[in-house]
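Chemist: Quick note on numbering: the sequence shown equals residues 20 to 298 in this note's numbering.
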Amino acid sequence: MIPPIASRFVAGESAAGALDHARRMNDDGVAVILNLLGEHYDERAPADEDAAAYVRLVEDIASTGIDACVSVKPSQIGLDAGDHVFEENYRRIAEAADEHGVFLWCDMEDHETTDVTLDAFEELAREFDGGMGLCVQANLKRTPEDLERLADVPGKIRLVKGAYDEPAAVAHKQKSAVNEAYKELLAYLFREYDGGIAVGSHDPEMIAYARDLGAEYDRDYEVQMLMGVREDAQRELAADGVEVWQYAPYGDKWFSYFYRRVRERKENALFALRAVVGV
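1) With respect to the beta strand (DSSP E) encompassing Q156, which residues constitute its N-terminal and C-terminal limits?
2) Under DSSP, the beta strand (DSSP E) around Q243 begins and ends at which residues?
3) How big is the Cα-Cα spacing for R254 and D46?
4) Going by DSSP in three states, R177 sits in which element: helix, strand or coil?
5) Taking one C-beta from the stretch 74–91 and one from the stretch 30–38 each time, how about it: are there three or more such pairs within less than 8 Å?
6) Ordered along the chain, which non-local residues of its own chain (more than five positions away) have a Cβ less than 6 Å from that of G57?
7) In chain order, what are the residue ranges of uninterrupted beta strand (DSSP E) at least 3 long that sit wholly in the stretch 74–107?
8) Which first and last residues belong to the alpha helix (DSSP H) in which E262 is found?
9) What separation, rounded to the nearest whole angstrom, lies between the Cα atoms of V77 and A170?
10) Hey, out of E250, V261, F140, whose CA is closest to A234's CA?
11) Which same chain residues, not among the five before or five after R293, have their C-beta less than 6 Å away from its C-beta?
12) Given a cut-off of 8 Å on the beta-carbon distance, is the pair I176 and L143 in contact?
13) Looking at the C-beta of E58, does it have a partner C-beta in chain B at a distance below 8 Å?
14) Start and end of the beta strand (DSSP E) containing G219?
15) When you compare each of A157, F147, L159, G181 to P173 by their alpha carbons, which one comes out closest?
16) Could you please give me the residues that DSSP links to V51 through a beta bridge?
17) Quick check on A190: does DSSP put it in helix, strand or coil?
18) Could you check what DSSP says for L56 in three-state terms: helix, strand or coil?
19) Report yes if the CB atom of K232 is closer than 8 Å to the CB atom of A206, and no otherwise.
20) Quick check on K194: buried or exposed, where buried means 16 or more other Cβ atoms within 10 Å of its Cβ?
21) Measuring CA to CA, which of E164, G101, Y73 is closest to R63?
22) Counting C-beta neighbours from all protein chains within 10 Å, is the total for G31 16 or more, i.e. buried, or is it exposed?
23) As a quick exercise: from F122, V155, A187, pick the residue whose alpha carbon is nearest that of G219.
24) If I'm right that Y240 touches I216 with Cβ under 8 Å, what's the distance once you round it to whole angstroms?
25) Residues bridged to L159 by DSSP?
26) Below 8 Å CB to CB, which residues in the same chain sit around I299 once its five sequence neighbours on both sides are set aside?
27) Here's the rule I'm using: 16 or more other beta-carbon atoms within 10 Å means buried, otherwise exposed. How should A227 be labelled?
28) Quick one, are the C-beta atoms of P93 and T162 less than 8 Å apart?
29) Tell me the rounded alpha-carbon separation between I52 and Q265.
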């Protein structure tokens with residue numbers, strides 16, 4: 020059983036439980052991005068197993084008609100076991116998602132994985148013509164050039180601030196610098212990117228800025244937030260006509276999920292605590 024605090028952030032231990040959670044959020048006007056917990060597999064077997072689980076999840080979403088999609092992590096579907104393992108499993112899930120009309124996101128992990136993730140996404144996104152999305156991180160100094168590369172790639176881009184504790188040589192370390200970079204990159208997306216724009220942020224300032232940019236450029240966009248974080252705001256935005264997606268992890272690896280998040284960046288623990296107490 021998932022403890023009460025963890026259950027606020029995890030949509031059950033099974034796909035059935037996660038789909039039930041998505042159905043409840045749909046009732047409030049919020050769509051759901053489902054992510055099976057698991058990452059950093061050194062062997063191919065568990066990566067293949069999770070890839071197969073994602074294929075089944077795609078089929079379940081399609082058969083139920085729930086407003087949901089899926090998001091995968093490169094290290095979960097084989098990157099640490101070899102680039103080819105990741106690429107093969109990513110393609111396997113993408114083919115299923117394309118066949119069933121279910122959108123497929125790919126998360127971005129630490130900076131050492133950026134190039135291989137970008138390469139694989141661009142190849143598949145062009146092949147499947149828009150049914151895929153990629154997360155990019157505003158704290159990485161390379162991201163402006165990455166967005167220029169992606170400007171004509173079909174699909175969607177999710178812009179987040181970045182949750183990994185990256186070295187100063189490759190990343191902005193000050194909160195103010197990350198916020199400034201986020202705004203500049205978001206403006207670039209509204210101005211230059213041909214595909215869909217996802218504002219991956221709980222920051223009211225960034226969400227308000229996206230609203231202003233949407234009006235200025237007459238562009239649609241969506242807001243993405245984590246399960247368990249500002250859920251009242253998620254419902255309020257949806258009621259106000261904003262397209263809102265909740266990122267909801269599920270599965271039995273919830274303990275390692277929280278443990279890894281805290282080890283990656285100590286601020287993640289404070290972030291979770293603030294979400295629990297509602298500040």
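Each residue gets a CB set at the ideal place from its N, CA and C atoms; glycine is no exception. Being a predicted model, the structure only gives us computed values, none of them experimental.
Modeler: In this structure, then:
1) Within the sequence shown, residue 156 is the residue found at index 137, counting from 1. Taken as a continuous stretch (DSSP letters only), the beta strand (DSSP E) holding Q156 covers 151–156.
2) Residue numbering aside, residue 243 sits at position 224 when the sequence shown is read from its first letter. That run of the beta strand (DSSP E) goes 241–245.
3) As a first step, residue 254 is located in the sequence shown; it is residue number 235 there, counting from the start. As a first step, residue 46 is located in the sequence shown; it is residue number 27 there, counting from the start. Answer to the nearest angstrom: the Cα atoms are 10 Å apart.
4) As a position in the sequence shown, residue 177 is number 158, starting the count at 1. In the structure shown, R177 sits in a strand (DSSP, three-state: E or B).
5) yes
6) Translated into the one-based positions of the sequence shown, residue 57 becomes position 38. These residues qualify, in order along the chain: D69, Q95, K272.
7) 87–91
8) Within the sequence shown, numbered from 1, the residue matching residue 262 stands at position 243. E262 -> not in any alpha helix (DSSP H); beta strand (DSSP E) instead, spanning 262–269.
9) On the sequence shown, residue 77 is found 58 positions in, with the first residue counted as 1. On the sequence shown, residue 170 is found 151 positions in, with the first residue counted as 1. Their Cα atoms are separated by approximately 27 Å.
10) Start at 1 with the first residue of the sequence shown, and residue 234 comes out as number 215. Residue V261 is the option with its Cα nearest to A234.
11) Looking up residue 293 in the sequence shown gives position 274. In this prediction, R293 has a pLDDT of 48, which is less than 50 and means its spatial position is unreliable; nothing more can be read from the coordinates.
12) Counting from 1 along the sequence shown, the entry for residue 176 is found at position 157. Counting from 1 along the sequence shown, the entry for residue 143 is found at position 124. Not in contact: I176 and L143 (Cβ atoms no closer than 8 Å).
13) The structure shown contains no chain B; it is built from a single protein chain.
14) Taking the sequence shown and counting its residues from 1, the one referred to as residue 219 is at position 200. Per DSSP, the unbroken beta strand (DSSP E) holding G219 starts and ends at 215–219.
15) As a first step, residue 173 is located in the sequence shown; it is residue number 154 there, counting from the start. Ranking A157, F147, L159, G181 by CA distance to the CA of P173 puts F147 first.
16) Taking the first residue of the sequence shown as 1, we reach residue 51 at position 32. V51 pairs with A87, Q265.
17) The residue you call residue 190 lines up with position 171 of the sequence shown. Judged by DSSP in its simplified three-state form, A190 adopts strand.
18) Against the sequence shown, residue 56 aligns to sequence position 37. In this structure, L56 counts as coil in the three-state DSSP scheme.
19) For the purposes of this step, residue 232 is taken as the residue at position 213 of the sequence shown. For the purposes of this step, residue 206 is taken as the residue at position 187 of the sequence shown. The sequence given here places Leu at residue 232; Lys does not occur at that position. Yes; because the gap between Cβ atoms is below 8 Å, this pair is in contact.
20) Working through the sequence shown from its first residue, we reach residue 194 at position 175. Flag for K194 reads exposed.
21) Looking up residue 63 in the sequence shown gives position 44. Nearest to R63 by C-alpha distance, out of E164, G101, Y73, is G101.
22) Counted from its first residue, the sequence shown places residue 31 at position 12. Buried is the call here.
23) What you label residue 219 is simply residue 200 of the sequence shown in a count that begins at 1. Looking only at F122, V155, A187, the smallest Cα-Cα distance to G219 is reached by V155.
24) Here residue 240 is taken as the residue at index 221 of the sequence shown, counted from 1. Here residue 216 is taken as the residue at index 197 of the sequence shown, counted from 1. Contact flag correct, Cβ pair sits at about 4 Å.
25) Taking the sequence shown and counting its residues from 1, the one referred to as residue 159 is at position 140. According to DSSP, which records beta bridges pairwise, L159 is partnered with A190.
26) No answer is possible for residue 299: it lies beyond the span of the chain, which begins at 20 and ends at 298.
27) The count along the sequence shown starts at 1 and reaches residue 227 at position 208. So A227 ends up on the exposed side.
28) The residue labelled residue 93 in the question sits at position 74 within the sequence shown. The residue labelled residue 162 in the question sits at position 143 within the sequence shown. Against a cut-off of 8 Å, the Cβ pair of T162 and P93 comes out as no contact.
29) Walking along the sequence shown from the start, residue 52 turns up at place 33. Walking along the sequence shown from the start, residue 265 turns up at place 246. Their Cα atoms are separated by approximately 6 Å.
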